[in-house]
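To start, the structure under review is shown below, and the notes come after it.
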Amino acid sequence: MAVEVVSEGAAAAAAEVATPETKEVTAKAAADEAVTLAAVVSKNASFREESNFLDDLKDGERKALAELRAKVEEAIVDGKLFDDGKVEAKKKAAAAEEEKAVEEAAGEKKDGEEKKEEEEPVTEEKKEEEQGEEEEEPKKEEADEGEKEEKPAEEEAAAVVDKDIALWGVPLLPSKGDDATDVVLLKFLRARDFKAGAAFDMLRKTLHWRREWKGFAAGTDDDDDGEALPAELADACYLDGADREGHPVCYNALGVFADDAVYKKALGTEEGKARFLRWRVRAMESHVAKLDLRPGGVASLLQVTDLKNSPGPAKKDLRVAMKQVLDLFQDNYPELVARNILINVPFWYYAFSTLFYPFMTQRTKSKFVIARPSKVTETLLKYIPIEAIPVKYGGLKRDDDTEFSAEDSEVTELVVKASSTETIEIEATEGDTTLTWDLTVLGWEVNYKEEFVPSEEGSYTVIVKKGKKMGSSEAAVRNSFRAGEPGKVVLTVENLTHRKKKVLFRHKAKSACAKKC
Numbered sequence: 001m002a003v004e005v006v007s008e009g010a011a012a013a014a015a016e017v018a019t020p021e022t023k024e025v026t027a028k029a030a031a032d033e034a035v036t037l038a039a040v041v042s043k044n045a046s047f048r049e050e051s052n053f054l055d056d057l058k059d060g061e062r063k064a065l066a067e068l069r070a071k072v073e074e075a076i077v078d079g080k081l082f083d084d085g086k087v088e089a090k091k092k093a094a095a096a097e098e099e100k101a102v103e104e105a106a107g108e109k110k111d112g113e114e115k116k117e118e119e120e121p122v123t124e125e126k127k128e129e130e131q132g133e134e135e136e137e138p139k140k141e142e143a144d145e146g147e148k149e150e151k152p153a154e155e156e157a158a159a160v161v162d163k164d165i166a167l168w169g170v171p172l173l174p175s176k177g178d179d180a181t182d183v184v185l186l187k188f189l190r191a192r193d194f195k196a197g198a199a200f201d202m203l204r205k206t207l208h209w210r211r212e213w214k215g216f217a218a219g220t221d222d223d224d225d226g227e228a229l230p231a232e233l234a235d236a237c238y239l240d241g242a243d244r245e246g247h248p249v250c251y252n253a254l255g256v257f258a259d260d261a262v263y264k265k266a267l268g269t270e271e272g273k274a275r276f277l278r279w280r281v282r283a284m285e286s287h288v289a290k291l292d293l294r295p296g297g298v299a300s301l302l303q304v305t306d307l308k309n310s311p312g313p314a315k316k317d318l319r320v321a322m323k324q325v326l327d328l329f330q331d332n333y334p335e336l337v338a339r340n341i342l343i344n345v346p347f348w349y350y351a352f353s354t355l356f357y358p359f360m361t362q363r364t365k366s367k368f369v370i371a372r373p374s375k376v377t378e379t380l381l382k383y384i385p386i387e388a389i390p391v392k393y394g395g396l397k398r399d400d401d402t403e404f405s406a407e408d409s410e411v412t413e414l415v416v417k418a419s420s421t422e423t424i425e426i427e428a429t430e431g432d433t434t435l436t437w438d439l440t441v442l443g444w445e446v447n448y449k450e451e452f453v454p455s456e457e458g459s460y461t462v463i464v465k466k467g468k469k470m471g472s473s474e475a476a477v478r479n480s481f482r483a484g485e486p487g488k489v490v491l492t493v494e495n496l497t498h499r500k501k502k503v504l505f506r507h508k509a510k511s512a513c514a515k516k517c
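Residue numbers for the sequence shown follow UniProt numbering, beginning at 1 and rising by one.
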């Protein structure tokens, strides 16, 4: 999601300054820029998550962690973690204002007394009355001073030091001895190049934001916002499965905003944008709750952003809303994304992303992977097992799947050479057996058919699925066949291209006897 924000902002900025002449030049150069950017991103997509074990840190990193630990410990114990200097400055300003007000009041009183003396003659009775007031004044001042001395003491007693301050369920006080504390502190250090002072400031600001932001306040429950936000947003951001390293995979599908009704309901008003922001932050909070923030645990997400049918830079409200999300996440959720994979990347993204790409840090660049529509499944497969990739992205994962489970979903790979044909045979060793299979071909562009061939000679071959040329965007095939007699289902893949093709499939057989038994 974050990448979409930046790219849309860059696109909009470029569009505003474009002229008919520059548009023609941009169009001619866009293709070259697209190839160049894709190559650079592909080369830089080599990010490797660092270890969170202390023994694996470099000397400078351990020193920075020790310094940050000391800063956090001192701030929490002294009750100053939320005091970033502004509070003290406000106190001094208030004291100065109070002192100034007292001086002005004293001056006005003195001027009034002098004027009164000039107007009225002083009698003996008047002198005695004023003398009595002067004797009472010091007593009153002493009482006021006593109250001032007691007030700070009372405030100090009331300000109980909170040693249970936590972030994402992890205690921040290092002396508590929780291993997850260092993992959280390391995220802030890595976000600030292991500069302890900058990391401490970032942590403090994050805690301030979490304390003050209304999205976490009571009375703003998900149920309340859920009624106001379009139901389609459930498909805009969700967790589904894990990658090869165990990272939860977060899918962001921005195509839902192409629907004008959804767009207007979610972002058409300021109230709608506020609800959307609260919804997106809560989604992030629920995703972080799935992480294991201990040394050696899976402490970050893999993010997949689908730009298919994305409105692009033309939708200003979406650009503004996503910019708000980007800013909040950059400032308050450091190093919680291990990799950003952009799929179904449109042509305009390549053309305009070159405006902001040079300003990214090498660390940020190394986390990006970009996939054109024809390379979606192939790209995702590098990081996510095929059985964990959703069907709509070319994988084998189906919602509420009752056919294949983790125990019986072993996937087999088969390579079909250029201009050649391969077959896959699924045996039915006895009659009344149901055969079920999943199959996908990376990039497809092949001829595919399914047949049942009985074992008994003279029996007729049954066409299960007629031969069909499969396009590059075809979803995985799932089919089943009930064999009334022993035989085999034959799946035929004919590769007519000049490049080899990778086939991934799984299958199972269930006999009627097994069902009854």
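We put the CB at the ideal spot given by N, CA and C, even for glycine.
- Annotation: residue 241 to residue 380 spans about 13 Å, alpha carbon to alpha carbon.
- Inside the stretch 349-432, DSSP marks whole alpha helix (DSSP H) runs of 4 or more residues at positions 362-365 and 376-381, from first to last along the chain.
- Distance check between residue 447 and each of 394, 411, 501 and 460 places 501 closest, using alpha-carbon atoms only.
- For the pair residue 82 and residue 72, the Cα-to-Cα distance works out to about 11 Å.
- The beta-bridge partner set that DSSP reports for residue 507 consists of 437.
- Within the stretch 243-307, the complete alpha helix (DSSP H) segments of 4 residues or longer fall at 260-267 and 270-288, listed in chain order.
- Counting of Cβ neighbours within 10 angstroms places residue 460 among the exposed residues, the total staying below 16.
- About 10 Å separates the CB atoms of residue 338 and residue 50; that is not less than 8 Å, and the two are not in contact.
- With 16 or more other Cβ atoms inside 10 Å of its own Cβ, residue 404 counts as buried.
- Of the candidates 475, 297 and 333, the residue whose Cα lies closest to the Cα of residue 282 is 333.
- Residue state for residue 463 is assigned as strand, using DSSP reduced to three classes.
- DSSP links residue 492 through a beta bridge to 423 and 449.
- Residue 170 carries a strand assignment under DSSP once its states are collapsed to helix, strand and coil.
- Judged by their CB atoms, residue 509 and residue 432 are not nearer to each other than the 8 Å cut-off.
- A distance below 8 Å separates the beta carbons of residue 471 and residue 444.
- By the neighbour-count definition (other C-beta atoms within 10 Å, threshold 16), residue 382 is an exposed residue.
- Look at residue 454 here: in three-state DSSP terms it is strand.
- The C-alpha of residue 468 is placed about 33 Å away from the C-alpha of residue 249.
- In the displayed model, residue 161 falls within coil according to three-state DSSP, outside both helix and strand.
- With a beta-carbon spacing of about 4 Å, residue 198 and residue 192 fall inside the 8 Å limit used to define contacts.
- One alpha carbon belongs to residue 371, the other to residue 165, and they sit about 42 Å apart.
- As the crow flies, the alpha-carbon of residue 327 is around 34 Å from that of residue 387.
- Around the beta carbon of residue 498, a 10 Å sphere encloses fewer than 16 other beta carbons of the protein chains shown; the residue is thus reported as exposed.
- Residue pairing by DSSP places residue 322 opposite no residue, since no beta bridge is assigned to it.
- Scanning 187, 76, 391 and 384 for the CA closest to the CA of residue 440 turns up 391.
- Closest in C-alpha terms to residue 201, from the list 266, 68 and 254, comes 68.
- A Cβ-Cβ separation of about 6 Å places residue 168 in contact with residue 293 under the 8 Å criterion.
- Taking 8 Å as the cut-off, the Cβ atoms of residue 495 and residue 376 do not count as close.
- Apart from the 5 residues on each side of it in sequence, residue 60 sits with its Cβ closer than 7 Å to the Cβ of 194 in its chain, given in chain order.
- Assignment of beta-bridge partners to residue 481 by DSSP yields 435.
- Of 493, 284, 286 and 206, the smallest CA-CA separation from residue 413 is found for 493.
- According to the DSSP secondary-structure assignment, residue 502 is paired through a beta bridge with 415.
- Just measuring C-alpha positions, the residue of 422, 421 and 436 sitting nearest residue 428 is 436.
- Under the three-state reduction of DSSP output, residue 189 falls in the helix class.
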